[in-house]
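In terms of this note's numbering, the sequence shown opens at residue 6 and continues consecutively.
So the structure is just underneath, and the comments pick up after that.
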Amino acid sequence: MPDDSLVVESSHGWRVFLIDEPLTFDMIGVIYRTTEILKDVGISVMAISAFTTDVFLVSEDDLQPSLRALQAGGFSVPDLS
6 MPDDSLVVES SHGWRVFLID EPLTFDMIGV IYRTTEILKD VGISVMAISA
56 FTTDVFLVSE DDLQPSLRAL QAGGFSVPDL S
């Protein structure tokens, strides 16, 4: 691979939240359910599926609206104020 083939881009202002319980292989639809709730309120999200949990990135401005939407959608969300 040529040295100039590596492209690095960065973007600032992202916040991370995750599903704080171990996910098992028989649990399906976690990312779908989460991103569907955020889509319905117009929030873009990047989801990363790891071995035992799912990680979500939203813009800093969208963090609080995301957490409110997820709480309204039935997720348990800690008070971060």
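Backbone N, C-alpha and C fix where the C-beta goes; we use that ideal spot for every residue, glycine too.
The structure presented is a predicted model; accordingly, all values stated were derived computationally and were not measured.
If you look at L72, you'll find it in the alpha helix (DSSP H) that goes L68 to A77. When secondary structure is reduced to three states using DSSP, I24 falls in the coil class, being assigned neither helix nor strand. Distance from L62 to V21 at the Cβ level is roughly 6 Å; contact confirmed, criterion being Cβ atoms closer than 8 Å. About 7 Å separates the Cβ atoms of P70 and V46, confirming a contact at the 8 Å cut-off.
Assigned with DSSP and collapsed to three states, V35 falls in helix.
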